[in-house]
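A.B. asks: Quick one: this structure, given as structure tokens, is what I'll be asking you about.
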Amino acid sequence: MNVGLIWAQTPDGVIGADQTIPWRLPEDMAHFKAVTLGHPVVMGRRTWDSLPPRFRPLPGRRNIVVTRDPQWASDGAERAGSLTEALELAARPSEPADAAVWVIGGGEIYRAALDYATTISVTEVDTAVNGGDTYAPTLDPTWQVAEDGGWRVSTSGLRYRIRRFAR
Ligand code: VY7
């Protein structure tokens, strides 16, 4: 199974502050939805909590949540005790071998998933965030840009670019 990671970050690597994404980029939300729709998504429990309740579970996707708490349960979500357990759940049952799972955050889960990743979608948002407390993993040079959408300007006024990395 192909394991993809998808995140949005500032040039400094900030992906979150105070349990939220500290910018609004409608084009990136649309990109995120288009890429992940129809595929299982894996996220950490804090990321699950950070989703506005009306958007939980993310529709049209199996939502797999990683938590060490064996008691944790939430409507519409599957619980996994570790990232590897989440990937095993995503691969079953009867998903095609070339199916994709998308790891959607956050920082701790991306770091655990990086070794398994075959593709990474990074939206770079040209903004500075004060008080960022969650960071994207740094990509070693084996990761190369496979697709570059170029810099664009959001309706929100922010500059952003979407790049895909592969190795
Ligand atoms: C997470 C939301 C957060 C706040 C409000 C609405 C990249 C993104 C993520 C995660 C952007 C989010 C939403 C947007 C998606 C909608 C549901 C409502 C859907 C990521 N590049 N960008 N993210 N939703 N992991 N990677 O905005 O979600 O998909 O149905």
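Residue numbers (our numbering): 27 to 193. Heads up, the beta-carbon is just placed ideally off N, CA and C, and yes, glycines get one too.
Closest by CA to His-65, which one among Pro-79, Met-27, Thr-73, Ala-99?
C.D. replies: The residue labelled residue 65 in the question sits at position 39 within the sequence shown. Minimum Cα distance to His-65 is reached at Met-27.
A.B. asks: Kindly give me the distance between the Cβ atoms of Gly-70 and Gly-132, rounded to whole angstroms, as I take these residues to be in contact under 8 angstroms.
C.D. replies: Position 44 of the sequence shown holds residue 70. Position 106 of the sequence shown holds residue 132. Correct: roughly 5 angstroms between the Cβ atoms.
A.B. asks: For Gln-35, count neighbouring C-beta atoms within 10 Å of its own C-beta (all shown protein chains included) and say buried if the count is 16 or more, exposed if not.
C.D. replies: In the sequence shown, the residue the question calls residue 35 occupies position 9. The residue in question, Gln-35, is buried, as its Cβ has 16 or more Cβ neighbours within 10 Å.
A.B. asks: Quick check: does the Cβ of Asp-54 come within less than 7 angstroms of any heavy atom belonging to ligand 1?
C.D. replies: What you label residue 54 is simply residue 28 of the sequence shown in a count that begins at 1. Because some heavy atom of ligand 1 lies under 7 angstroms away, the Cβ of Asp-54 counts as near it: yes.
A.B. asks: Using only CA atoms, which one of Gly-86, Ala-143, Phe-58 lies nearest to Leu-31?
C.D. replies: As a first step, residue 31 is located in the sequence shown; it is residue number 5 there, counting from the start. Checking every option, the nearest Cα to that of Leu-31 belongs to Ala-143.
A.B. asks: Taking 6 angstroms as the limit between beta carbons, can you name the residues of its chain near Ala-125, skipping five residues before and five after?
C.D. replies: As a first step, residue 125 must be located in the sequence shown, where it is residue number 99. Contacts found: Met-27.
A.B. asks: On a Cα-Cα basis, can you pick out the residue from Ala-56, Gln-45, Trp-49 that is closest to Val-155?
C.D. replies: What you label residue 155 is simply residue 129 of the sequence shown in a count that begins at 1. When only C-alpha atoms are compared, the closest one is Trp-49.
A.B. asks: Comparing alpha-carbon positions, which option in Leu-184, Arg-193, Asp-95, Phe-191 lies nearest Asp-54?
C.D. replies: As a working mapping, residue 54 is identified with position 28 in the sequence shown. Minimum Cα distance to Asp-54 is reached at Leu-184.
A.B. asks: What separation, rounded to the nearest whole angstrom, lies between the Cα atoms of Asp-75 and Arg-178?
C.D. replies: Start at 1 with the first residue of the sequence shown, and residue 75 comes out as number 49. Start at 1 with the first residue of the sequence shown, and residue 178 comes out as number 152. If I take the Cα positions, the gap works out to 30 angstroms.
A.B. asks: Would you call the region 162-169 in contact with the region 135-149, where contact means no fewer than 3 C-beta pairs closer than 8 angstroms?
C.D. replies: Cβ pair count under 8 angstroms is three or more, so yes.
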